[in-house]
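Q:
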Amino acid sequence: MNIKFIDSNCMLGKWHAPKLYFDSARELLSEMDYHNIEKALVFHSLAWQYDPDTGNRKLLEEIENVNSKGMHERLLPVFVIAPWNTPSEMMDGESTKEIRTRAYAVRVFPRDQNFLFSKWLHPVLEFLEGIRMPVFINYDQVDFRDLDEVLASYPELPVIISNTGYRICRFLFTLFKKYKNFYLETSTFFSYEGIEEVCKKFGAERMVFATRMPFIDPGGMLARIIYADITEEEKQLIARGNIERLISEIRR
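Numbering (our numbering), first residue to last: 5 to 256.
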């Protein structure tokens with residue numbers, strides 16, 4: 005079976021160190037073509053390391069400036085969001101309209117951008133839950149007690165944990181058991197036979213494929229799905245089906 009992938013974790017833009025092996029939309033599309041990745045959810049490094057609003061605007065510009073006909077439709081914008089002085093200040097009409105109409109998911113970096121991913125962020129989380137907007141958060145950006153609180157308080161909010169690494173299953177499996185809208189992004193989920201174990205215990209529906217380009221070469225991330233000891237149907241769900249469903253459920 006030929007698997008067409010959707011990559012849920014890609015970044016555009018410059019980086020301080022180490023040097024990335026690409027940083028532009030056109031180069032990302034070239035990598036996607038080579039590795040049979042049909043679409044990618046992308047955010048911008050400026051939105052993470054400098055200012056979310058500036059970086060999100062730059063992201064949209066770079067996507068729209070890809071000249072090849074139809075190519076920009078393969079890159080799906082992910083907005084990085086952070087509260088301003090207080091969470092409620094972020095909820096002006098223009099900000100919420102941009103998220104609702106243009107984003108395919110959002111990312112938060114609470115540790116790097118100095119805020120709490122907890123009920124302290126209530127106005128923002130309430131809005132995101134209301135429109136069923138998928139929220140990506142890196143494992144090293146959140147305390148699991150705060151994550152547990154958010155999942156309990158906003159049960160219809162899809163939350164996807166990213167960049168997990170090793171020795172994470174005790175945390176993940178506890179949250180999988182408790183919360184139906186908690187998901188795992190697969191890029192650096194390196195537990196031995198972890199993909200198979202999640203499928204067996206909780207179902208393939210709980211994972212979305214990702215590569216973490218351009219920090220990591222995508223070949224190994226693809227191989228871990230292609231050669232996993234799971235059914236072809238499960239591979240298709242992880243490769244694209246689950247993220248397509250989450251995107252389709254956003255209330256525009």
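Virtual Cβ for every residue (Gly too), placed ideally from N, Cα, C.
Start and end of the beta strand (DSSP E) containing residue 81?
A: As a working mapping, residue 81 is identified with position 77 in the sequence shown. Going by DSSP, residue 81 is part of the beta strand (DSSP E) stretching over 79-84.
Q: Note down, one range per segment and in chain order, each beta strand (DSSP E) of at least 3 residues found wholly within the stretch 169-229.
A: 186-189
Q: Specify, as a first and last residue, the run of the beta strand (DSSP E) that residue 13 falls within.
A: Residue mapping note: residue 13 aligns to position 9 of the sequence shown, counting from 1. From DSSP, the beta strand (DSSP E) with residue 13 extends over 9-16.
Q: Just to confirm before moving on: does the CB-CB distance between residue 192 and residue 224 stay below 8 Å?
A: By 1-based counting over the sequence shown, the position of residue 192 is 188. By 1-based counting over the sequence shown, the position of residue 224 is 220. Not in contact: residue 192 and residue 224 (Cβ atoms no closer than 8 Å).
Q: So the candidates are 149, 92, 178 and 186; which of them puts its Cα closest to the Cα of residue 160?
A: Counting from 1 along the sequence shown, the entry for residue 160 is found at position 156. Answer by Cα proximity: 186.
Q: For residue 190, count the other beta carbons within 10 Å of its own beta carbon; 16 or more makes it buried, fewer makes it exposed. Which is it?
A: Stepping through the sequence shown from its first residue, residue 190 is reached at position 186. That one is buried.
Q: Quick check: residue 209 and residue 232, are their CB atoms within less than 8 Å of each other?
A: The residue labelled residue 209 in the question sits at position 205 within the sequence shown. The residue labelled residue 232 in the question sits at position 228 within the sequence shown. No, Cβ-Cβ distance for residue 209 and residue 232 is not below 8 Å.
Q: Do residue 234 and residue 211 have their beta-carbon atoms positioned less than 8 Å apart in this structure?
A: For the purposes of this step, residue 211 is taken as residue 207 along the sequence shown, with counting starting at 1. For the purposes of this step, residue 234 is taken as residue 230 along the sequence shown, with counting starting at 1. The answer is no: Cβ separation not under 8 Å.
Q: Can you give me the C-alpha to C-alpha distance between residue 17 and residue 123, rounded to a whole angstrom?
A: Counting from one through the sequence shown, the residue named residue 17 turns up at place 13. Counting from one through the sequence shown, the residue named residue 123 turns up at place 119. Between residue 17 and residue 123, the alpha-carbon positions lie close to 31 Å from each other.
Q: Could you check what DSSP says for residue 122 in three-state terms: helix, strand or coil?
A: By 1-based counting over the sequence shown, the position of residue 122 is 118. Residue state, collapsed to three classes: coil.
Q: Can you look up residue 47 in the DSSP assignment and give me helix, strand or coil?
A: Locating residue 47 in the sequence shown gives position 43, where the first residue counts as 1. Residue state, collapsed to three classes: strand.
Q: Three or more C-beta pairs closer than 8 Å, one from the stretch 113-130 and one from the stretch 60-69: is that the case here?
A: Too few Cβ pairs lie closer than 8 Å, so no.
Q: Kindly indicate which three-state DSSP category residue 30 falls into: helix, strand or coil?
A: Here residue 30 refers to the residue found at position 26 when the sequence shown is read from its first residue. Residue 30: helix per DSSP, three-state reduction.
Q: Check for me: the beta strand (DSSP E) holding residue 242 runs from which residue to which?
A: Position 238 of the sequence shown, counted from the first residue, corresponds to residue 242. Careful: residue 242 lies outside any beta strand (DSSP E) and carries neither H nor E.
Q: So if DSSP puts residue 40 in a beta bridge, which residue, or which two residues, is it bridged to?
A: For the purposes of this step, residue 40 is taken as residue 36 along the sequence shown, with counting starting at 1. Its beta-bridge partners do not exist; DSSP assigns none.
Q: Considering only DSSP beta bridges, list what residue 166 is partnered with.
A: What you label residue 166 is simply residue 162 of the sequence shown in a count that begins at 1. Answer is 142.
Q: Taking the alpha-carbon of residue 19 as reference, which of 29, 50, 153 and 43 has the nearest alpha-carbon?
A: Mapped onto the sequence shown, residue 19 falls at position 15. Of the candidates 29, 50, 153 and 43, the one whose C-alpha sits nearest the C-alpha of residue 19 is 50.
Q: Does the separation of the CB atoms of residue 103 and residue 112 fall below 8 Å?
A: Taking the first residue of the sequence shown as position 1, residue 103 is located at position 99. Taking the first residue of the sequence shown as position 1, residue 112 is located at position 108. Their beta carbons are not under 8 Å apart, which means residue 103 does not touch residue 112 by this criterion.
Q: Taking Cβ to Cβ, would you say residue 14 is nearer than 8 Å to residue 45?
A: As a working note, residue 14 is residue 10 in the sequence shown. As a working note, residue 45 is residue 41 in the sequence shown. Cβ distance < 8 Å, so residue 14 and residue 45 count as in contact.
Q: Using a Cβ-based criterion (distance less than 7 Å to any ligand heavy atom), does residue 41 qualify as near the ligand MN?
A: With respect to the ligand MN, the structure shown offers nothing to examine, as it has no ligands at all.
Q: Return the residue from the list 41, 24, 27 and 34 that minimises the CA-CA distance to residue 6.
A: The count along the sequence shown starts at 1 and reaches residue 6 at position 2. With distances taken between Cα atoms, residue 6 lies closest to 41.
Q: My understanding is that residue 180 touches residue 151, with C-beta atoms under 8 Å, so please give their C-beta distance in whole angstroms.
A: Locating residue 180 in the sequence shown gives position 176, counting from the first residue. Locating residue 151 in the sequence shown gives position 147, counting from the first residue. That pair is no contact at about 12 Å.
Q: Roughly how many angstroms lie between the CA atoms of residue 107 and residue 229, to the nearest whole one?
A: Against the sequence shown, residue 107 aligns to sequence position 103. Against the sequence shown, residue 229 aligns to sequence position 225. The alpha-carbon of residue 107 is positioned some 26 Å away from that of residue 229.
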